Structures are given as C-alpha cells and as structure tokens.
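Participant: The structure under discussion is supplied below as structure tokens; questions concerning it will follow.
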Amino acid sequence: MNKGVRTKVIIGNWKMNKTIAEARAFVAGLAAAANNSKCIVGLAVPFTAIAACAQSAKETPIAIGAQNVSQAEEGAFTGEISSIMLKEAGAAFAIVGHSERRRYFHEDDRQVNSKAMRLLSVGLQPVVCIGETLDEHESGLTKEVLSRHLKQSLMEMTPREVSSLIVAYEPVWAIGTGRAASPDDVQAVHAYCRSVVHQIWGGEAASKISILYGGSVTLANADAIAAQPDVDGLLIGGASLSLESFCGIVEKF
Ligand code: PGA
82 MNKGVRTKVI
92 IGNWKMNKTI
102 AEARAFVAGL
112 AAAANNSKCI
122 VGLAVPFTAI
132 AACAQSAKET
142 PIAIGAQNVS
152 QAEEGAFTGE
162 ISSIMLKEAG
172 AAFAIVGHSE
182 RRRYFHEDDR
192 QVNSKAMRLL
202 SVGLQPVVCI
212 GETLDEHESG
222 LTKEVLSRHL
232 KQSLMEMTPR
242 EVSSLIVAYE
252 PVWAIGTGRA
262 ASPDDVQAVH
272 AYCRSVVHQI
282 WGGEAASKIS
292 ILYGGSVTLA
302 NADAIAAQPD
312 VDGLLIGGAS
322 LSLESFCGIV
332 EKF
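Residue numbers (my numbering): 82 to 334.
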C-alpha cells in the first residue's frame with residue numbers, strides 16, 4: 082500500500098463480520114467505486130478472508146489488510162498470525178491497537194509498538210489506532226492520553242518510519258455509538274497530534290504522516306470530517322459493512 086504524502090485514505094474495518102464468500106462479493110462490488118475514486122481505498126478484513134479478498138482485488142486499486150498481527154516473528158504462540166503470514170496471504174496493511182483490542186484483549190502501547198515495528202520490518206503498512214475513552218474525554222484528558230499513545234506506540238521509530246505511518250484517531254466514545262466527534266473537534270485533535278509528532282520526530286514526519294479519523298463515520302458526516310485540513314482520511318466500521326454506504330463514501334472523494 083503506497084499511502085503517498087497525505088493522499089486521502091478510506092479504510093473499512095469489518096471487525097468480526099463477513100464470510101469468505103460475502104467478502105469476495107463485496108470486493109467485486111466495490112471495484113468500480115474504487116477505480117473512480119482519487120483516494121486510497123482499503124478493507125481490513127477477517128484473517129480468513131485475506132487471501133480470497135487479495136485475489137479478488139488483484140485487478141483493482143483496493144488494498145486488503147488485517148485487523149491485527151502478532152508482535153512475535155514466529156514460534157510457539159498458539160492462535161497468533163505473523164506479519165510474514167499476512168504478507169504471503171496478500172495483505173498490504175494491518176490495523177494495530179484498535180480500541181477493541183486494547184479493551185477486550187488488554188493490548189497496551191508497548192505491544193502496539195512491537196506490532197507496528199514488526200509490520201514495518203516486512204514492508205506492511207501499519208495503521209496505528211489511538212484514542213481516549215469517554216471517562217478520559219470527560220475528565221479533559223484527551224491531549225494527555227493521545228500524546229502518551231503517540232509517544233509509546235511509535236517509540237523508537239525513526240522520523241522516516243513515522244513519515245510513512247497511518248495513524249487513526251478513534252475516540253472510544255464515538256466508536257459504534259452513532260455519536261461522531263464534530264468536524265471542528267476532530268480538526269483540533271488532529272492538529273494537536275501533528276504537533277506532538279513535530280515535536281518528537283520533526284517537521285517532515287509531521288507533514289507526511291497520515292492521520293485518519295474513525296468513530297461513527299457515515300455517508301452523512303464523511304464529507305465534513307474529511308474536509309478538515311489535518312484529516313487525511315477515514316477509518317470506517319459499521320458503515321463499511323454495506324456496499325451501498327461504503328461505495329457512497331468512497332465515491333465522494
Ligand atoms: P464505527 O467503528 O465506524 O462503527 O464507529 C469504527 C472503528 O471501530 O474503526
């Protein structure tokens with residue numbers, strides 16, 4: 082996946098949805114919209130559907146990715162999937178640190194960092210998720226939490242590696258709730274994240290890193306959020322499950 086220098090990126094995150102047959106049909110149905118779009122279009126599909134989707138997406142610009150990866154290279158880690166396995170199956174990217182993984186599987190920033198490094202080492206594009214919980218949001222801790230997530234999840238990366246990253250700001254209170262952050266708030270948070278990157282990894286990394294927004298994005302609010310100057314694209318859960326709504330969003334850009 083060549084994310085370019087802040088070309089808009091639209092990624093669907095299917096979570097634990099769709100069989101292989103459903104996934105294949107979706108990719109075929111999305112091809113025309115992706116061909117007509119100026120943005121980079123990705124689908125983070127279940128592990129079982131990666132190879133089939135990558136095959137179906139071959140003649141299209143659609144990038145297929147995973148929703149997680151092991152932090153280990155290989156070995157006795159029952160149930161895990163390595164970065165090399167993802168690459169072989171045809172994945173171009175993987176999401177790491179999604180809030181559902183942080184919450185249900187107790188992943189922390191150190192693990193997220195190891196996973197992102199593992200992806201970089203085999204040439205896969207990491208999509209690193211960060212975001213504050215409702216409690217943190219209401220306690221005014223948003224900036225503090227995001228700065229910590231960025232510093233720890235991207236720890237020890239070079240400015241060049243950070244330039245190549247996609248980060249997704251996903252406020253936990255906005256995911257699957259129908260309550261997206263307002264475009265102005267998203268812009269303010271993204272500008273803040275970019276300033277943290279600037280401070281630690283320098284101006285070039287800050288201007289090249291892609292920062293997506295995720296959390297209750299729909300056909301109705303996608304435009305206004307993605308039009309913000311520091312928003313480089315969208316990570317879409319629920320609205321990526323229906324071909325009609327996902328194509329509708331992709332066709333806007
Ligand atoms: P949502 O999920 O669009 O359904 O809120 C976004 C995500 O979890 O990535």
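Every residue, glycine too, gets a C-beta built ideally from N, C-alpha and C. Remember, it's a predicted structure, so these values are computed and weren't measured experimentally.
1) For Gly-93, collect the residues of the same chain with a Cβ closer than 6 angstroms to its Cβ; drop the 5 residues on either side in sequence, then sort them by chain order.
2) Can you give me the start and stop residues for the alpha helix (DSSP H) that Val-331 sits inside?
3) Does DSSP put Leu-293 in a helix, a strand or coil?
4) Can you have a look at Thr-223 and say buried or exposed, based on whether 16 or more other CB atoms are within 10 angstroms of its CB?
5) In terms of residue numbering, what span does the beta strand (DSSP E) encompassing Leu-200 cover?
6) Return yes when the Cβ of Arg-275 is within less than 8 angstroms of the Cβ of Ala-262, no when it is not.
7) Take Val-177 and list the residues in its own chain whose beta-carbon comes closer than 6 angstroms to its own, dropping the five residues that flank it on each side.
8) Measure the beta-carbon distance from Ile-292 to Val-298 and round it to whole angstroms, keeping in mind my assumption that it falls under 8 angstroms.
9) At a cut of 8 angstroms, does the stretch 225–242 reach the stretch 158–171 through at least three beta carbon pairs?
10) Assess, as a yes-or-no matter, whether the stretch 82–93 is touched by the stretch 108–122 under the definition of 3 or more beta carbon pairs within less than 8 angstroms.
11) State yes or no: is the C-beta of Ala-106 within less than 8 angstroms of the C-beta of Ile-143?
12) Using the Cα positions of Pro-310 and Arg-260, report the straight-line distance between them to the nearest angstrom.
13) Might you give, ordered along the chain, the residues of its own chain that have their beta carbon closer than 8 angstroms to the beta carbon of Ala-132, omitting 5 neighbours on each side?
14) Closest to Trp-254 by C-alpha separation, out of Ile-101, His-218, Lys-89, would be which residue?
15) Can you tell me whether DSSP reads Gln-152 as helix, strand or coil?
16) Taking the straight line between their C-alpha atoms, what separation do you get for Glu-188 and Val-267?
17) Compute every distance between the C-beta of Ile-317 and the non-hydrogen atoms of the ligand PGA, then say whether any falls below 7 angstroms.
18) In whole angstroms, what separates the C-alpha of Ala-272 from that of Ser-228?
19) Enumerate in chain order the residues of its own chain whose CB-to-CB distance from Lys-168 is below 8 angstroms, with the five nearest sequence positions on each side excluded.
20) What three-state label does DSSP hand Gln-268 in the structure shown?
21) Helix, strand or coil, according to DSSP, for Cys-134 in the structure here?
Facilitator: Reading it off the structure:
1) Leu-124, Ile-317, Ser-321, Phe-327
2) 324–332
3) strand
4) buried
5) Segment 190–202 is the alpha helix (DSSP H) holding Leu-200; no beta strand (DSSP E) there.
6) The Cβ-Cβ distance between Ala-262 and Arg-275 does not fall below 8 angstroms.
7) Val-193, Lys-196, Ala-197, Pro-207, Val-209
8) At roughly 14 angstroms, the Cβ-Cβ gap does not stay under 8 angstroms, so Ile-292 and Val-298 are not in contact.
9) no
10) Touching, yes, given that three or more Cβ pairs across the two stretches are closer than 8 angstroms.
11) no
12) 21 angstroms
13) Ala-170, Gly-171
14) Per the Cα distances, His-218.
15) coil
16) 24 angstroms
17) The closest heavy atom of the ligand PGA lies less than 7 angstroms from the beta carbon of Ile-317.
18) Rounded to whole angstroms, Ala-272 to Ser-228 spans 12 angstroms at the Cα level.
19) Val-203, Gly-204, Leu-205
20) helix
21) helix
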